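**Q**
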Amino acid sequence: MVIPFPLTYLWLAAGGLVLLLILLKSFTIARGDQIVVLERRWFGRQMPDGRSVALRHEVGVQARVLGPGFHLLIPFLYKTSKRDFCVIQTNKVGVVRAVAGAAIPSGQFMAKSVECSLFQDGEAFLSNGGQKGPQLAILPEGQYKINPLLFEVAMVDATMIHDNEVGYVESIAGQPVTRDGGNFGSPVACDSFQDAEAFIKNGGQKGPQIAFLPPGYYRINTIMFQVQKMPITKIPGGQVGLVEATDGAKIPEGRLLAARVQGHGNFFDGEAFLRNGGEKGRQLDVLMPGVYRLNPKLFKVIDIVDWTHIEADQVGIVTINEGKPIIDSSKIAAEELPMGTHDNFQDADAFLKAGGQKGLQIPVLRAGNYAINPWFATIEKVDMIQVHIGNCGVVTSYVGADGDDLTDDAVNAKIVTNGCKGIWADPLQPGKHPLNTKICKVDIVPTTQILLNWADNRSSAHELDSNLKTITLRTADAFNVNMDVSVIIHIPVKNAPKVIANLGSINNMISQVLEPAISSHFRNAAQYIQALDLYTRRKELQEKAKEHIDAVLKVHHIDSKDTLIADVVLPPELTKTVTDRQIAEQEKKTFATQKEAQDERRNLENAKAQANMQPKVVESERNVEIQKNLAESHIKEAEGSKQAAILMAEGQATAMRLEAGGQAEATKLNAAANAEATQKVGSAEAEIILAKGTSTAEAYKLEVAAMGRDVFGQIRVIDKIASSSLKLIPENLVMGGGGGEGNGMVNGLFGIALLEKLTGRSFVVREAQPSPGETGSIQR
C-alpha cells in the first residue's frame, strides 16, 4: 500500500516531536547551587512498608539526589524537581530530623549515627540503617546537598556562653544515671557536648549533666542537649556563700551538714566532688569572696551572708550545730578546743576532725571579722561585762574543773579559784571583761558606800532602794507614826564573793536581810516609846538601831557604816497640839526679845542725838576762838590810840571781851546741855533748860562784873529794843560835847561803837556847823 505524500510528512513530524520529547526527558541540568530530586514512577521494586523514601531500584521518591550539572536520564522513568542547597549561615548550626529510615528503638530519643556524608548521601543513610527521627550529628555552617524530602534541617543559633555566664546542660538521651542517689550524668568525652555521637558512645547519661559549659562558642545539637545560660556565682567582699549540693551520697544519720571532700576546687569540679564521696545537702564548706564558675544546678548557692562582725566592746558566744553530742549530762557546754585548732570556728572540718562537740562553746570570739558558716555555728553577739569604778564583779562559773573550797562554814556556797566551777574567789576589777555570759553569771557588787533610803518618795541613783518604803510605827500611846530611815553600808571587795555566796545578789541582801531587820527593829522599839519621844530620843534610837544592824550585817560579811533616822512624821492631830504649844512659847520669847529691842533702840537714839550735836559743839568752840581773836585785835587797835582812845578802847574791848566770853561760855554750856539732853531723852530736857538758865545767869553775872550793874542794865534794855525792831534811834544823832571837856569826844565815839554793835548799822561822824550854843553833830 502506498502512503500519500502529505500523510508521510505528518508521520515524520509526529515522530520528530516524539523524539524531541524523549530527548527532553532524557537529561536535566542543575545550577551550581541546586540539586535535583528524583522520583521513580515505574519499572522498579516496591518500597518496604514503613519507608517513604526509595532506594535506587525502588519506585518512589529517591533517597539520592543529583548535584549541579548536566545529567542523562532514562526518558519518562523519573520525575525531577530542583531544590536549592541547604545553607547553614555563620554562627548557626543545622539540626537534622530524618523523615524516613528505621524506627528508633523503644527508650531512645535520638537516632543512631550512620555514615552518610553529613546527610548528603541519602542512599548510604538508608542502606546503613539510618533511623528516622532526630539525628545526633549536626551541620556546621556551610552548604549541603541534602535531600529535603528525606531530611528536615532546622537552622538554630550556635550556643554562646559569655564571660559572666555558665551553661547548664541537660541531655534527653543517654544511659540512665546508676549512681546511688545520683541525679546528674557523669562527664564523658564529647567535646563539651558538641559531639553528641561521642556522648552516646562513651556512655553519656541522660538528664542534668555534672559538666557545664564555660564561656565560649559551641555547636551543640539543641534537640539532644538543652542548654540554660546562668550567671556565674559572685561572692562580694565581706560575705560568704552557703552551698547546697543537689547530688551526692546521703548524709549519715545524726549529721546536719555534708562532710568536706577534697579535690573539687571550691565546687568547680563536680565530678571530683562526687567521685571523692561528696554528700548531698548543705555543705560544711563556704565560698569566700570571689567569682566562681560552678554548676549552678548541682551546687546551689542558697544564701550569701555577711561575715560575722564582732565590735570592739563585744564578744561572740558560739553555739555549734554539728559535731559529737555532749554525753555528760552535768555539763552545759562542749569540751573546749584550742582556738587555733579550728581558726576561730572558721575551719569547720578541722573542728569536727579534732572531735569537737556540738552545743554551747566555752571560748568566745573577740573583736574582728569571721568567715563562719552560719549552718555550722550560730553566733550571738553580746556586750562585754563592764565593771564601773566603785564596783566589782563576782563571777559564778557553771563550767570548769571542780576546785577546792576556799571558804569556811560561815559561807553557804563553794568559793573556788578563778577558772574552776563555782564562785570565783577573786572578783572582776573595774574595766571590760570578755566573758561568756552563757556559761557564767556576773553579779555587780558596789564596793563604795551604799546609801539605802526607806522613804516613799526618795531613791538613790543606784536604785537598789527603789522597793523600800517609809516605815509605819505603832507607838506606846497608840499613834501611827511614819519614819524615814537611811542606812549606809559597805561591802569590801574581798567579801563580795561571800555576800553573793550567802545571799545570791545585792537585791536579795536588801530584801531578805536589811529590810526585815530595819523594819522590825524600829517597830519593836516604837512599842515602848510615846510618839513625841521619837523626837527627844531620836539619837538613842539611832544608836541602838546601828548596833542592831551592825550585828545583823556582820554575819553576812557586810560593814554597817551608819543608821540614820531621816524624818519622823507624826499624826496631824498630835502635830497640831505640839505646834500650838511651840507657837505660844515662841511668841513669849518674841515679846521679850521685842522689849529688849526697844530698850536698845532707845539707847541708840540717845547715842545718835549726841552724835548729831557734836558738830554744833565744835562750831561753838570755833566761834569762841574767833571772838577771842577779834577781841584781842580790837584791844591791839585800841592800844595804838591816844590815851583817850585807849580808855574808850579799853572799855569797849573790855565790854566786848566780857560779852564774847559770856557768849562763848553760854554756847559751850548750851552745847554741853544739848549733848546731855540728846543722850538722855526725856529727863535730859530739864537738865538742858537748867544748864541754859545757869549759863545765862553766869553770863549776866560776868557781864555785870565787867560793865557794872547800870551799864549792863542799859545794854540789856537796848538789846531788847533792837530785837523788837522798834525804830527808836533817829536818822541823825547830834551829840554835844560840853564846853571843852576832853571826855565828850571819847564818850561820843564809845557811844557810836555801842550803837553800831546793837543795831548792826554803821554811823559816820562829821563836823556840823555850830549854831549859837552848839558844838557839833553826828549823822548817819
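Residue numbers for the sequence shown follow the numbering used here, so the first one is 55 and each next one is one higher. We put the CB at the ideal spot given by N, CA and C, even for glycine. Nothing here was measured: the structure is a model prediction, and the numbers come from that model.
Return helix, strand or coil for Asn423, following the three-state DSSP convention.
**A** Correct three-state label for Asn423: strand.
**Q** Would Val800 be called buried (16 or more neighbouring beta carbons within 10 Å of its own) or exposed?
**A** With a pLDDT of only 49 at Val800, under the threshold of 50, the placement of this residue in the model should not be trusted; the figure read from the coordinates follows. Under this definition Val800 is a buried residue.
**Q** Classify Val149 as buried or exposed, calling it buried when 16 or more other Cβ atoms lie within 10 Å of its own Cβ.
**A** Label assigned to Val149: buried.
**Q** Could you give the DSSP three-state label for Ile89: helix, strand or coil?
**A** Note: Ile89 maps to strand in three-state DSSP.
**Q** Roughly how far, in whole angstroms, is the beta-carbon of Gly476 from the beta-carbon of Gly447, given that I think they are within contact range, below 8 Å?
**A** So it is not a contact: roughly 15 Å between Cβ atoms.
**Q** Please tell me whether Val369 and Met438 are closer than 7 Å, where the distance is taken between their beta carbons.
**A** Yes, they are a contact pair.
**Q** At which residues does the alpha helix (DSSP H) containing Arg273 begin and terminate?
**A** It is not in any alpha helix (DSSP H) - Arg273 carries neither H nor E in the DSSP assignment.
**Q** Taking the continuous beta strand (DSSP E) assigned at Gly221, which residues delimit it?
**A** Residues 219-225.
**Q** Going by the DSSP bridge assignment, what does Asp360 pair with across the sheet?
**A** Its beta-bridge partners are Gln293.
**Q** If we ignore side chains and look at the alpha-carbon of each, how far apart do Ala738 and Glu627 end up?
**A** Model confidence at Ala738 stands at a pLDDT of 48, short of 50, so the residue's coordinates are unreliable and nothing is read from them.
**Q** Can you tell which of Leu61, Gly239, Tyr272, Ala425 has the C-alpha that lies nearest to the C-alpha of Asp249?
**A** For Asp249, the nearest C-alpha among the options comes from Tyr272.
**Q** Along the chain, where does the beta strand (DSSP E) that runs through Tyr132 open and close?
**A** 132-138 is the span of the beta strand (DSSP E), which, as asked, contains Tyr132.
**Q** Do Val149 and the ligand FAD come close, with the Cβ less than 6 Å from some heavy atom?
**A** Within the structure as shown, the ligand FAD is missing, as the structure has no ligands at all.
**Q** Residues bridged to Cys494 by DSSP?
**A** Paired residue(s): Ser451.
**Q** For the pair the region 80-95 and the region 126-138, tell me if three or more CB-CB distances fall below 8 Å.
**A** Segments in contact, yes.
**Q** Below 8 Å, how does it come out for the region 531-550 and the region 487-503: are there three or more Cβ pairs, yes or no?
**A** They touch, by the three-pair rule.
**Q** Can you list, in chain order, the residues of its chain whose CB lies under 6 Å from that of Gly410, leaving out five sequence neighbours each side?
**A** Excluding sequence neighbours, Gly410 sits near Gly377, Leu391.
**Q** Spatial neighbours of Glu795 within its chain, please: C-beta separation below 7 Å, excluding the five flanking residues on both sides.
**A** Caution applies to Glu795, whose pLDDT of 47 falls short of 50 and renders its modelled position unreliable; the value that the coordinates give is listed next. No residues qualify anywhere along the chain.
**Q** Given a cut-off of 7 Å, decide if Phe247 and Ile274 are closer than it, judged by their beta-carbon atoms.
**A** Their beta carbons are under 7 Å apart, which means Ile274 touches Phe247 by this criterion.
**Q** Grab me the residues of Asn398's own chain with a C-beta within less than 7 Å of its C-beta, minus the 5 sequence neighbours each way, in chain order.
**A** Once the five neighbours on either side are set aside, the close Cβ partners of Asn398 are Leu419, Tyr424.
**Q** Would DSSP call Lys412 helix, strand or coil?
**A** Residue state, collapsed to three classes: coil.
**Q** How big is the Cα-Cα spacing for Gly792 and Val758?
**A** Here the model assigns Gly792 a pLDDT of 47, short of 50, so the residue's position is not dependable, and the following value carries that caveat. The straight-line gap from Cα to Cα measures roughly 29 Å.
**Q** What is the DSSP secondary structure of Thr644, counted as helix, strand or coil?
**A** If DSSP states are grouped into helix, strand and coil, Thr644 belongs with the helices.
**Q** Under the assumption that Ile426 contacts Ile493 (Cβ atoms under 8 Å), give the Cβ distance between them as a whole number of angstroms.
**A** No, Ile426 and Ile493 are not in contact; Cβ-Cβ is about 19 Å, not under 8 Å.
**Q** Let me make sure I understand the geometry here. Which of Arg577, Gln668, Ala191, Glu597 has the alpha-carbon closest to that of Lys255?
**A** It is Ala191 whose Cα lies nearest to the Cα of Lys255.
**Q** Look at Val315 and Gly295 and say whether their C-beta atoms are less than 7 Å apart.
**A** Going by C-beta atoms, Val315 is not nearer than 7 Å to Gly295.
**Q** Excluding the 5 residues preceding and the 5 following His396 in the sequence, name in chain order all residues of the same chain whose CB lies nearer than 6 Å to its CB.
**A** Within the same chain, His396 has close Cβ partners Ala404, Phe405.
**Q** Look at the alpha carbon of Leu71 and the alpha carbon of Leu172, and state the distance between them as a whole number of angstroms.
**A** Computed Cα separation, rounded: 43 Å.
**Q** Along the chain, where does the beta strand (DSSP E) containing Arg592 start, and where does it finish?
**A** Not the beta strand (DSSP E): Arg592 falls in the alpha helix (DSSP H), residues 592-609.
**Q** On a Cα-Cα basis, can you pick out the residue from Asn562, Lys166, Asp480 that is closest to Asp519?
**A** Looking at the Cα atoms, Asn562 is the closest of the given residues.
**Q** Round the Cβ separation of Gln100 and Val113 to the nearest angstrom and send it over; I've been treating them as touching at under 8 Å.
**A** About 7 Å separates the two Cβ atoms, so the contact holds.
**Q** Count the other CB atoms, across all protein chains shown, that sit within 10 Å of the CB of His216; report buried if there are 16 or more and exposed otherwise.
**A** With fewer than 16 other Cβ atoms within 10 Å, it is exposed.
**Q** Using three-state DSSP, classify Gly793 as helix, strand or coil.
**A** Low confidence applies to Gly793: its pLDDT is 45, below 50, so where it sits in the model is not reliable, and the reading given next is rough at best. Gly793 falls in the coil class under three-state DSSP.
**Q** Applying the 10 Å Cβ sphere with the 16-neighbour rule, what's the burial state of Ala651?
**A** By the neighbour-count rule (16 or more Cβ atoms within 10 Å), Ala651 is not buried but exposed.
**Q** Once DSSP output is grouped into helix, strand and coil, what is the label at His396?
**A** The answer is helix: DSSP assigns His396 an H, G or I state.
**Q** By the 10 Å Cβ neighbour count, where 16 or more other Cβ atoms means buried, how is Val220 classified, buried or exposed?
**A** With 16 or more Cβ atoms within 10 Å of its Cβ, Val220 is classed as buried.
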